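Everything below concerns the one structure shown next.
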Amino acid sequence: MIRWQHLLKKLSTDDPVLQEKLSLWQAHPHKTPLALIQGFSFISANQATLGYFETEYDAFVNATPYDFSPRIQSSGRNSVEYAREMILEAIAGNNVEFNWLHLSQLGNELPTRVNLYRCYLQQQPVVLVEFQALNRRNQMREIITDGFAHIPKEILSTTLEESAEAVYITDSDDQILAVNKAMCRICGYSAEQLISKTPEFLELKSHHLGAETECQTALKQRGFWQGETWKKRSDSSNFPAWQSSRKIITEDGAHYNVNIFSDISTKKLLETQLTTRAMYDTLTGLPNRFHLKQILNTALEKLKTDPLALGALMFLDLNGFKNINDSFGHSMGDRVLQLVAARLEAGCIEKADIARMGGDEFTLVLQDCSCKDEIQLFAEQILSLFESPFEIEGQKFFLGTSIGIALFPTHSDKAGQLISLADTAMYCAKKSLPHLVFYDKAMSQAAELKLQLINSLRHAHSLKQFTLAYQAIVDLHTNQTIAAEALLRWQKSPTEYYDAADFVPLLEETGLIVSIGQWVLEQACVQAAQWRAHNQADFRISVNVSPLQLEHLDFIDQVINALDMANLPAEALILEITESALLRQPEQARLTLNRIKALGVSIAIDDFGTGLSSLSRLGTLPIDSVKIDAEFALRLNEVSGQKLCNAIVQLAQALDIHFVAEGIETQQQRDIMTDMGQGFAQGFLFGYPSSVDNFTQTFLTEKRLA
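Residue numbers (the working numbering): 119 to 824.
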């Protein structure tokens, strides 16, 4: 807490009254709960404040006042909006004083009197906050006769059993004969004010004057009653109570009513808080998925009275958010999500109902729209909200968003289906610029086909539907086949055949690529060992590795086990890594590649030139070769295409690594690449991917070992 004392001494003000307070607080820095706000976040606090909020320094600093508050204040105002308004007023130079309901970190309610003062810290305006607990005053009153001495012992016994709650006893004329201390404390009256009166003035009437209450009727009919009721205090405030009443007749025939009740305000508040937690997202304060469905149902219900009305559900997903979580941690990611929520609220809270679905997904509900063009224009405004970066602690984060839109009742009049349709449109929006798509039926058909393929893929391995095809890698100068690339194929049925590009992205999306990739690695190593034993002793095998495989904790062990199982030397194996794998978790990728290299396994960068990552990292990674993407081969008939390929070749030569030109289909393309330098190539000119038998017959039959 040295930091607090240091900051407190640096504070300055031009207000003489505040200066006196500052001098007192500087002399006793931890006596009064104090904190400093810069912007809208706490930057420091003293020990008294930390104790008041039942929190630690690290948890308090960088939080906001509304992080320690319910979403809605007792006045009905939104805590975020209200707090920001008060802070801005204080920064403007006004001393601000108001009542506020805080919540401690342990969830305890803290009714507080808050004072805000503008000060200066190194010539920068800050807000000094003073917290004063608002505790209900307990006043000692003169003990007077309360009537209990005249009550029979059996009545006193019943009263004593319930003495922790408010108790009052009435006679047959409904006049109060006795009250306990809890009754006085809860209602705010003295015993003298209550005795000999009827309890009617304590009840919040919901019945006609003179009419019997439910309790009075039940006492006459059954002799007992219990239920929820509303009471009035002496200050005219109301509170909910749970009351039990029983009629008792003594031996001498006297009638008494024993009434016991408790204040259930706290219980009711807890119920409200639990409801709020069930309806609102705790991180951003926005309505959650459950609440969104209620909002949609209400909007859809309104359509029944106005069938020509048009509404829209927008489903937003943040582009690039995963990189923030991976690079800066989930804590920073949470703070970015809060900024996104605040920006959405500021930009469209008057036009749309905003909700957070979870993760980095948000939704907007628009009602009473005139036409589709109006919705399109609003969606474009939402996209523009993400043109400016989000800034935290000097760090700028650039995020975009993809928006899928479903119209109601055009596309559906059911909340659950609308969410699903907007979600489907959002996934389509992620694949196309400007990342804004309205739903149409073709999307559902594509989604259904995708789901069917995924379901079939889950069983493809156990049904032995996966096979490997092999494509030759050739030395450009000697024309010798030096290696083969193992390519995964899916023979779903005798008439249904899929290339890798058609289903491997689905394997990666579902995570199945980890287990299937391990099977490919093992099968390829076994086949390479057989070719080395029977056909070409120095033959090598190249296997593609998914980013998910590279990130898997057991990947190195999987490589070692595959080599051991096939009895294949490590130098016979080449692992092909895409540039995207280096972007996801660059430090982890570098460490994994170094461990692979230490085994003796070669590493190739696949599809080189289509991304930007490896150009800056190529010299620091243990790379043996780059595979020039097939798109460059298509441009070899152009001067610009030749220059690009030549630049990549020269880069490889400068780093003393090999190059493999992919997609070579003509002799002209081969000649051009051969003239560029010593390297390798693969493509249809040398042969199509083929089965083991065909590959052996075509490329290796004349090289059998003696």
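Even for Gly, the Cβ is constructed at its ideal location relative to N, Cα and C. Bear in mind that the values here come from a model prediction, so they are computed numbers and not experimental data.
Point to revise | Limits of the alpha helix (DSSP H) - the one that serine 449 falls within | key: Taking the sequence shown and counting its residues from 1, one reaches residue 449 at position 331. Its alpha helix (DSSP H) spans residues 448-466.
Practice item. Please classify leucine 312: does DSSP put it in a helix, a strand, or coil? Key: Walking along the sequence shown from the start, residue 312 turns up at place 194. Leucine 312 falls in the helix class under three-state DSSP.
Point to revise | Candidates Lys532, Phe160, Glu310, Asn653: closest to lysine 299 by CA position | key: Position 181 of the sequence shown, counted from the first residue, corresponds to residue 299. With distances taken between Cα atoms, lysine 299 lies closest to Glu310.
Point to revise | isoleucine 467 classed as buried or exposed, judged by whether at least 16 other C-beta atoms fall within 10 angstroms | key: Here residue 467 corresponds to residue number 349 of the sequence shown, with the count starting at 1. Per the 10 Å Cβ criterion, exposed.
Check your understanding: Taking the runs of the beta strand (DSSP E) that are 3 residues or longer, which of them lie wholly in the region 133-192?
Key -> 152-156, 159-163
Check your understanding: Do the CB positions of serine 162 and tryptophan 218 come within less than 7 Å of each other?
Key -> Mapped onto the sequence shown, residue 162 falls at position 44. Mapped onto the sequence shown, residue 218 falls at position 100. Contact: no.
Exercise for review: Kindly indicate which three-state DSSP category phenylalanine 750 falls into: helix, strand or coil?
Suggested key: For this step, residue 750 is matched to residue 632 along the sequence shown. If DSSP states are grouped into helix, strand and coil, phenylalanine 750 belongs with the helices.
Practice item. Could you tell me the distance, in whole angstroms, from the CA atom of arginine 708 to the CA atom of leucine 700? Key: If you number the sequence shown from 1, residue 708 lands on position 590. If you number the sequence shown from 1, residue 700 lands on position 582. If you take the alpha carbons of arginine 708 and leucine 700, they lie about 8 Å apart.
Practice item. Report, in whole angstroms, the separation of the C-beta atoms of arginine 364 and glycine 345, which I expect to be a contact under 8 Å. Key: Residue numbering aside, residue 364 sits at position 246 when the sequence shown is read from its first letter. Residue numbering aside, residue 345 sits at position 227 when the sequence shown is read from its first letter. Not quite, the Cβ-Cβ distance comes to about 13 Å (not below 8 Å), so this is no contact.
**Study point:** Minimum C-alpha distance to threonine 481 - residue among Asp452, Gln609, Ser520
**Key:** Mapped onto the sequence shown, residue 481 falls at position 363. Of the candidates Asp452, Gln609, Ser520, the one whose C-alpha sits nearest the C-alpha of threonine 481 is Ser520.
Point to revise | In DSSP terms, what histidine 776 is bridged to | key: For the purposes of this step, residue 776 is identified with residue 658 of the sequence shown, where counting begins at 1. According to DSSP, which records beta bridges pairwise, histidine 776 is partnered with Ser743.
Point to revise | Residue ranges of each beta strand (DSSP E) within the region 362-438, 3 or longer | key: 373-381, 428-437
**Study point:** Spatial neighbours of serine 731 in its chain, beta-carbon cut-off 7 Å, leaving aside the 5 residues before and after
**Key:** Reading the sequence shown from its first residue, position 613 is the one you call residue 731. At serine 731 the pLDDT is 46, less than 50, meaning the model places this residue with poor confidence; the figure from the coordinates comes in the next sentence. Contacts found: Glu697, Leu700, Leu701.
**Study point:** Cβ pair count under 8 Å reaching 3, the region 443-457 against the region 371-384
**Key:** no
Check your understanding: By the 10 Å Cβ neighbour count, where 16 or more other Cβ atoms means buried, how is serine 660 classified, buried or exposed?
Key -> The sequence position of residue 660 within the sequence shown is 542, counting from 1. Answer is buried; the Cβ neighbour count reaches 16.
Check your understanding: Are the region 503-511 and the region 521-531 touching by the rule of at least three beta carbon pairs closer than 8 Å?
Key -> no
Review point. Can you tell which of Gln589, Leu554, Glu369, Asp682 has its C-alpha closest to the C-alpha of alanine 497?
Key: As a first step, residue 497 must be located in the sequence shown, where it is residue number 379. Residue Leu554 is the option with its Cα nearest to alanine 497.
Check your understanding: What's the gap between the Cα of glutamate 463 and the Cα of cysteine 763?
Key -> Here residue 463 is taken as the residue at index 345 of the sequence shown, counted from 1. Here residue 763 is taken as the residue at index 645 of the sequence shown, counted from 1. So the two alpha carbons sit approximately 49 Å from each other.
**Study point:** Range covered by the alpha helix (DSSP H) that runs through glutamine 815
**Key:** By 1-based counting over the sequence shown, the position of residue 815 is 697. First-last for glutamine 815: undefined, no H or E at that position.
**Study point:** asparagine 812 versus arginine 607: straight-line alpha-carbon distance, rounded
**Key:** As a working mapping, residue 812 is identified with position 694 in the sequence shown. As a working mapping, residue 607 is identified with position 489 in the sequence shown. Distance between the alpha carbons of asparagine 812 and arginine 607: 15 Å.
Point to revise | In DSSP terms, what proline 229 is bridged to | key: Within the sequence shown, numbered from 1, the residue matching residue 229 stands at position 111. Its beta-bridge partners are Leu219.
Review point. The beta strand (DSSP E) with phenylalanine 319 in it runs from where to where?
Key: Counting from one through the sequence shown, the residue named residue 319 turns up at place 201. Element bounds for phenylalanine 319: n/a, residue is neither H nor E.
Review point. With burial defined as no fewer than 16 other Cβ atoms inside 10 Å of the residue's Cβ, what is the status of histidine 529: buried or exposed?
Key: Position 411 of the sequence shown holds residue 529. With 16 or more Cβ atoms within 10 Å of its Cβ, histidine 529 is classed as buried.
Exercise for review: Ignore the nearest five residues each way along the sequence and tell me which others in isoleucine 190's own chain have a CB closer than 7 Å to its CB.
Suggested key: For the purposes of this step, residue 190 is taken as residue 72 along the sequence shown, with counting starting at 1. For isoleucine 190, where only same-chain residues beyond five positions count, the Cβ hits under 7 Å are Asn196, Ser197.
Exercise for review: Would you kindly check if the distance between the Cβ of glycine 797 and the Cβ of leucine 594 is under 7 Å?
Suggested key: Position 476 of the sequence shown holds residue 594. Position 679 of the sequence shown holds residue 797. Cβ atoms of leucine 594 and glycine 797: closer than 7 Å.
Practice item. Answer yes or no: the CB of asparagine 217 versus the heavy atoms of the ligand COA, is any distance below 6 Å? Key: Only the bare structure without any ligand can be found here, which leaves the ligand COA out of the picture.
Exercise for review: Would you kindly report the start and end of the unbroken beta strand (DSSP E) that includes cysteine 487?
Suggested key: Here the question's residue 487 lines up with position 369 in the sequence shown. Where cysteine 487 is concerned, the enclosing beta strand (DSSP E) stretches over 479-487.
Review point. Relative to the alpha-carbon of phenylalanine 186, which residue among Tyr170, Gly476, Gly194 has its alpha-carbon at the smallest distance?
Key: Residue 186 sits at position 68 when you count from the first residue of the sequence shown. Cα-wise, what sits closest to phenylalanine 186 is Tyr170.
Exercise for review: Sort Ala470, Arg474, Lys469 by Cα distance to alanine 459 and report the nearest one.
Suggested key: Residue 459 sits at position 341 when you count from the first residue of the sequence shown. With distances taken between Cα atoms, alanine 459 lies closest to Arg474.
Exercise for review: Out of Gly727, His776, Glu780, point me to the one whose CA is closest to alanine 748's CA.
Suggested key: Along the sequence shown, read from residue 1 onward, the residue named residue 748 stands at position 630. The option with the nearest alpha carbon to alanine 748 is Glu780.
Practice item. Work out the CA separation of asparagine 653 and arginine 822 for me, nearest whole Å. Key: Numbered from its first residue, the sequence shown carries residue 822 at position 704. Numbered from its first residue, the sequence shown carries residue 653 at position 535. Residue placement at arginine 822 cannot be trusted, given a pLDDT of 45 that sits under 50; what the coordinates show is reported in the next sentence. Whole-angstrom Cα-Cα distance: 4 Å.
Check your understanding: Ordered along the chain, which non-local residues of its own chain (more than five positions away) have a Cβ less than 7 Å from that of alanine 533?
Key -> Residue 533 sits at position 415 when you count from the first residue of the sequence shown. Excluding positions up to five away in sequence, the list reads Lys411, Leu414, Asn415, Leu418.
Check your understanding: CA-CA distance, asparagine 685 and asparagine 755?
Key -> On the sequence shown, residue 685 is found 567 positions in, with the first residue counted as 1. On the sequence shown, residue 755 is found 637 positions in, with the first residue counted as 1. If I take the Cα positions, the gap works out to 44 Å.
Check your understanding: From the DSSP output, which residues share a beta bridge with glutamine 344?
Key -> Locating residue 344 in the sequence shown gives position 226, counting from the first residue. Looking at the DSSP assignment, glutamine 344 forms a beta bridge with Ser362.
Practice item. Given a cut-off of 7 Å, decide if aspartate 435 and methionine 561 are closer than it, judged by their beta-carbon atoms. Key: On the sequence shown, residue 561 is found 443 positions in, with the first residue counted as 1. On the sequence shown, residue 435 is found 317 positions in, with the first residue counted as 1. Result no, Cβ atoms of methionine 561 and aspartate 435 do not sit closer than 7 Å.
Check your understanding: From the DSSP output, which residues share a beta bridge with asparagine 573?
Key -> Along the sequence shown, one-based indexing puts residue 573 at 455. Per DSSP, none; premise fails for asparagine 573.
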